[in-house]
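Heads up: the structure comes next, in structure tokens.
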Amino acid sequence: MDVLVLGPVQAWADGVAVTVDRPLERAVLVRLALANRVPVPDGRLAEDLWGAEVERPVQRLRVVVSRLRAALGPLADVIVRTPAGYQATVAATDLLAAEAAAQRLHTARRGGDFGAVAAAAREALALWRGHALADLRTIPFAAAEGERLDDWRLSLTVAGLEANLELGAAGEVVTELTGLVARHPLHEPLSCLLGLALYRTGRQADALERLARLRRALSEELGVDPSPDTSALELRILEHDPALRILPVGTGGAAQVGSSMASPGTAPPGIDPAGAAATEPESRPWPVPVLAAPMTSFVGRGREFATLTTRLADPGLTTVVGVAGSGKSRLAAELARSIGRAGRPVVLVELAPLGRAEDVLPAVAAALEAGGLAVDGSIDPNGPLPGIIAALDGGVDRERAMLVLDNAEHVLHSVAELVTAAHEFSVLVTSQQPLGVPGESVYPLGPLDRSVGVALFVERAGLHGLVTATERDELVTICAAVDWLPLGIELAAGLTRTLTISQLAQRIDDRVRLLVGGARGAAGGRHTSLRVALDWSHELLAERERAVLRRLGVFAGGCTLEAAEAVVPDDDVERGDVAPAMADLVNRNLVTVQADGATRRFVLLETVRDYALARLAEANEVDELRAGHLRWCVNLVRTIGTPDDFAAAESVAAVFAEWPNILAALERAPGTSRATDGLRLAVEMHVPWLARAWFREAQRHYAALTDAADIATHELAQALSHYGFHTLMTGDLEAAAAQLAKAGELAAPLDDPELAQTVRYYQGIVDIERCRLPEAVERLREGERLAVRDTQGSSFADALGTALLYSGDSAEALAAYTRSCDVDAAHEDEHGLSRGLSNQAKALLGLGRVDEALATAEESDRYARRLDDRQIPPLNDLTRAAAALVAGHLDAAESYCRAALGHEEDATGLARIDLADVLLAKGDIAAARLLLDEFFAAAPGGVPLLAARAVAVTLRRAEGDDAGARSLLEQVRAEFAAAGFGWHRYTDRLVRPGLIA
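Just so it is clear: in the sequence shown, position 253 is 252 by numbering that gives the first Met the number 0, and no numbers are missing.
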């Protein structure tokens, strides 16, 4: 059945309309369809229908669902009840189709293909039949969702009109834009588009009047000024900026915006400098690489571009080397963009933000997954190199990918290891020095040619060819002063907003003589000649801008305006000073802006950031700024997690969006006065690390920070309890037990029930893993009884369920797991549901309820995928394997076990044991023996060891060693009894025919 929401609600089944007369019943159907087959908790569903203040919401909800099922008749089965809430097996198909078209629109926009943008916008907008959810606007959730969808419709309309405008259809879009602006007089993008369209049809006065009218409306209605972009457009129209004109449409079908005059060596965006127009293949079985669209045209390097394009057509390593500022990164990005447009998969990895050599492989793996070249979870985070090579290869489905590694100079060893393994692929590396590996082709990137360097200055300064002969000579002087390096030229061009060319030429020449002299190549600087331009740019800044620039250097990977406003201010720079200062720095090309949807991120080039940090050190502000940066990180994580304790996937993702900053703050804190705040940040990161299963990362930071001297006792106890838990999850049970014991000693005299419960919970987990199951059951039952809130009780109930399952009481385990999941569903805790439903599936399987177990495991997988939790799906695969083994589907059981085994970081997990058990059932005794030998050689402990001992009994029997099997059977029974172990999945191996002593 299809549910349509982009207009009055409709439902269709096999081409026949399905009638649901009552608005509330239609609203339930729509709300569940919008959830896209994910269960909706009862509390959330009731609040969406009636608001927060309603009596007996669950009972009322059941009545409405019952009426909906009755109205659906033979289709009633599309509404099902799950432990997590009601679920519909239908979806809002028109909305999904519109979202798919919008995704194509955004992809085309990033690639500059305005024809595809316009087509995708038309496709999406054609799905609307009027106002979204028009017949349900009296229902709370429908009113909000309908308004959101209508706003989205307007955004798609704007995107389509913008694309048509760039395709040269200014005259055609003016009429539609005029009507839209009349209906939305305060919508700045619409008014700006109309102003631009009017200008391109030769109506400059009308365009300026349109923008003036917008300015008045914003002032009178909202009391605000237009955005900087609107003001800039107004000024450009007033000055007849040639960049507002349209270039002819290229063969790729997309109009390019830029100057109508081509400078020497200049390639308009979308055209390869080698001379061939970039065209988009009609279809390909892999995603187009997501590469940020450049903010400026690509000037120069045409010869280098052509040469490298030819080299990269064949397998091999090419390393582009040159000093910082020579344009290596831009050249690599343009090559990646061009080759990707030609139909070849490309992945570009920026290495500059990485602080450690061991971060290189995870960064490449993440880029492959983000670009759709590797399935989530297919690359083992604990040994990613084989998965990376497999993802680059692509198999029979697609062409081999090209790998681009940018800024490798500080991680040469790890990059060398990667490219050596990837010798059969095309790899492009940029670095300040060669890698020195066999087969490397080094391509030096020197200064720009004189004509190209002058053309770059003219383009970046916005002179558009209006340069006299005298000024051209002065431009040569300026470019020579910065050694004809692209970054130096761009920075010098930014100074023309303040100085004339003549003034700049006179002063920059003096600057070279005074500061460089014979110092070129002196130690201590990344490249002295470029520092000339940076020094001069810095001197022309007001003191406020200087302070903001040097303090921005403390951020790793850039920052938002709000982050800068939190960290940068002091007695001399007020919060309100930061935004205008950053705007000025952007104008001077010292700070770049990256757009990510509605978010703007301010980023320093690495060269500029190094310069800023040097200035920060000269100002003796390093410790102060790093302390402020660390406090901002603590507050950021705390603020994101406060509403739901990271129950939603979006909350976890929001934290890891700032991971470069958080990582930098954590790594700079040990051994300093900031160690205490560093430990507080680690504590705040506990749940996000848990949600991503980053146990070793967490353990690394706790190990470095728990010696903080001036931490309060209760904070240290909490940190040690989290440290112990993450240590436990890495398999070091004895160290975890010691850390938790110390946490317990610190917590005992504090009269802090919350902290005592935290330690009790983790100690219960350790008891389970150390196979002290009676103690675990007792400790966890006590914890659930003493829980100070329902979510705490849920955690204890979930752990208690595991202790009971391992003890052999599947029914009580299922009851405990169900108590836990009910609380998680009420709080919409997706991480809790992912884990809890996985555990429920094990208990259901132990009770012989196989179909329910498999359905519950599938539901758990959906939550895990949303959270990017790679720990849960392999556990669910083992449940599927056990079910398949019971049913006699041995090939399927083996397949599930091998899938789970691919995610195990060492030889001591259950996947190896279960696979050995399946292979024994298939008669492959030698392979089973090899797996168990590998397991026992790894010196395992805990539950996996007991499970393996049970399978070892079966192995001896299969090998014909009946006496050895009976002897081992008696030993294992004694071990099970001592530990209280009774998990039926493994104890059943002890009662098979032929094994009774």
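C-beta: ideal position from N, C-alpha, C; glycine also.
Note that the structure is predicted; figures quoted are calculated from it, not measured.
- By the C-beta criterion, the segment 2 to 21 is judged to be in contact with the segment 92 to 101, since at least 3 inter-stretch pairs fall below 8 Å.
- Boundaries of the alpha helix (DSSP H) harbouring L193: E187 to R199, taken from the DSSP string.
- The alpha-carbon separation between F975 and T878 amounts to approximately 22 Å.
- In the DSSP assignment, I78 falls outside any alpha helix (DSSP H) and lies within the beta strand (DSSP E) extending over I78 to T81.
- Counting only runs that start and end inside the segment 672 to 719, the alpha helix (DSSP H) elements of at least 4 residues fall at 674 to 683, 685 to 691 and 694 to 704.
- From the listed residues R506, T317, A915 and Y610, the smallest Cα separation to P443 is found for T317.
- In this structure, the beta-carbon distance from G324 to L540 does not fall below 8 Å.
- Classified as exposed, G382 has fewer than 16 neighbouring CB atoms from the shown chains inside 10 Å of its CB.
- Around the beta carbon of E333, a 10 Å sphere encloses 16 or more other beta carbons of the protein chains shown; the residue is thus reported as buried.
- The Cβ neighbour count for V57, taken over all protein chains shown within 10 Å, is under 16; the residue is labelled exposed.
- The alpha-carbon of L589 is positioned some 24 Å away from that of P241.
- Nearest C-alpha to L74 among T88, G371, R673 and V62: T88.
- The segment 562 to 572 makes no contact with the segment 451 to 470; the number of CB pairs closer than 8 Å stays below 3.
- Boundaries around L404 are those of the beta strand (DSSP E), M401 to D405, since no alpha helix (DSSP H) includes it.
- By the criterion of a C-beta distance shorter than 6 Å, L624 is surrounded in its chain by R550 and V553, once the five residues flanking it on both sides are discounted.
- Between the alpha carbons of A681 and L135 lies a distance of about 46 Å.
- Within the segment 571 to 644, the runs of alpha helix (DSSP H) at least 4 residues long that lie entirely inside it are, in chain order, 574 to 586, 605 to 617 and 621 to 640.
- One Cα belongs to S833, the other to G800, and the distance between them is close to 15 Å.
- In the DSSP assignment, V157 falls within the alpha helix (DSSP H) that extends over P139 to E165.
- Using a Cβ-Cβ distance cut-off of 8 Å, the segment 941 to 955 and the segment 903 to 912 are in contact, since at least three pairs of beta carbons, one from each stretch, lie closer than that value.
- Pairwise C-beta distances place the segment 116 to 126 out of contact with the segment 11 to 29, as fewer than three of them are shorter than 8 Å.
- The C-beta of G370 has 16 or more other C-beta atoms within 10 Å across all chains shown, which makes the residue buried.
- Assignment of T495 by DSSP, reduced to helix, strand and coil, places it in the helix class.
- Boundaries of the alpha helix (DSSP H) harbouring T953: G941 to A957, taken from the DSSP string.
- For A366, same chain residues with a beta-carbon under 8 Å away, outside a window of 5 residues either side, are V346, L347 and V348 in chain order.
- Between the segment 412 to 427 and the segment 385 to 393, the count of C-beta pairs closer than 8 Å reaches three or more; the two stretches touch.
- Contact annotation: the segment 629 to 643 touches the segment 683 to 690, with at least three C-beta pairs closer than 8 Å.
- The DSSP-derived three-state label of W11 is strand.
- For G386, the enclosing alpha helix (DSSP H) has its first and last residue at L384 to D392.
- Judged by DSSP secondary structure, D890 falls within the alpha helix (DSSP H) whose first and last residues are L889 to L900.
- Between Q756 and A711, the beta carbon gap of about 18 Å keeps them out of contact (Cβ cut-off 8 Å).
- Where A87 is concerned, the enclosing beta strand (DSSP E) starts and stops at G84 to A87.
- Distance check between A825 and each of E851, T855 and A646 places A646 closest, using alpha-carbon atoms only.
- Put simply, the segment 617 to 635 touches the segment 655 to 672. At least three CB pairs are less than 8 Å apart.
- Exposure of N35 is indicated by the presence of fewer than 16 other C-beta atoms within 10 angstroms of its C-beta.
- Following the DSSP letters along the chain, one finds E349 inside the beta strand (DSSP E) bounded by residues V345 to E349.
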